[in-house]
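Protein chains in written order, with this note's numbering: chain A, 1 to 113; chain B, 1 to 113. Beta carbons: idealized from backbone N, C-alpha and C, even for Gly. Small disclaimer: the values here were computed from a predicted structure and weren't measured. So the structure is just underneath, and the comments pick up after that.
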């Protein structure tokens with residue numbers, strides 16, 4: 001079965017700095033995708049970025065990037081030049097059959113001015 | 001326009017009562033999901049469906065039923081609501097394939113007294 005662990009409950013950073021959120025996962029699949037989602041203060045959940053396990057290159061979307069370390073079963077989310085509006089809860093997830101997602105418990109990011 | 005909608009957005013129910021949470025998607029996705037979110041647990045899967053007429057149990061299906069009468073609609077039914085089912089419920093839709101992200105509804109806050 002798939003499993004995702006996020007050990008950082010909350011992180012606080014100053015605006016315009018870089019933050020990294022950790023995520024480790026368990027899977028028996030040889031090929032898989034990994035996802036990060038963002039939940040805003042209003043409760044809205046949106047997809048941010050995904051990583052294909054077959055690709056060595058780390059995915060990048062805007063000021064979000066991933067640090068994929070397959071031997072360590074680790075997929076960190078990096079946010080550069082953080083903005084106040086990046087304050088949210090970030091979830092790491094791995095899919096199973098029928099794209100059912102298994103989520104970590106989330107990391108709450110607070111970006112302060 | 002929002003592609004995944006949920007109704008009601010807030011619901012207060014009495015113990016032992018029947019509750020139906022509705023979800024509608026206009027993404028034409030085959031797969032739909034019901035998750036619940038509780039503090040410290042992230043999102044946990046209750047039921048999912050891979051097409052009209054199908055429902056499958058997720059990780060925490062006890063006390064819940066699901067119905068998928070059409071491609072667009074997916075309902076979650078609590079026949080005998082209990083206080084332990086007080087939570088925020090999210091519906092999501094997704095295309096087939098483990099590369100595909102899910103699109104979430106705005107959530108329903110359910111309180112069972």
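Proximity below 8 Å, CB of residue i to CB of residue j
i	j	result
residue 24 of chain A	residue 37 of chain A	no
residue 11 of chain B	residue 108 of chain B	yes
residue 92 of chain B	residue 69 of chain B	no
residue 23 of chain B	residue 104 of chain B	no
residue 8 of chain A	residue 107 of chain A	yes
residue 84 of chain A	residue 61 of chain A	no
residue 65 of chain B	residue 79 of chain B	yes
residue 88 of chain A	residue 109 of chain A	yes
residue 82 of chain A	residue 15 of chain A	yes
residue 98 of chain B	residue 33 of chain A	yes
Whole-angstrom distance between residue j and residue i, CA atom to CA atom
i	j	result
residue 115 of chain A	residue 53 of chain A	Outside the modelled stretch of chain A, which goes from 1 to 113, sits residue 115 of chain A, for which no answer is possible.
residue 105 of chain A	residue 43 of chain A	15 Å
residue 73 of chain A	residue 100 of chain A	19 Å
residue 27 of chain B	residue 54 of chain B	18 Å
residue 94 of chain B	residue 18 of chain A	31 Å
residue 32 of chain B	residue 62 of chain B	18 Å
residue 86 of chain B	residue 111 of chain B	5 Å
residue 83 of chain B	residue 106 of chain B	22 Å
residue 30 of chain B	residue 102 of chain B	11 Å
residue 21 of chain B	residue 67 of chain B	10 Å
Distance between beta carbons of residue j and residue i, contact taken as under 8 Å
i	j	result
residue 127 of chain B	residue 76 of chain B	This structure cannot settle anything about residue 127 of chain B, because the visible part of chain B is limited to 1 through 113.
residue 72 of chain B	residue 25 of chain B	6 Å
residue 44 of chain B	residue 89 of chain B	11 Å between Cβ atoms; not a contact.
residue 50 of chain A	residue 68 of chain A	Contact flag wrong, Cβ pair sits at about 11 Å.
residue 50 of chain B	residue 98 of chain A	5 Å
Buried versus exposed, by CB contacts within 10 Å (16 or more), residue i
i	result
residue 28 of chain A	exposed
residue 95 of chain A	buried
residue 9 of chain B	exposed
residue 39 of chain B	exposed
residue 96 of chain B	exposed
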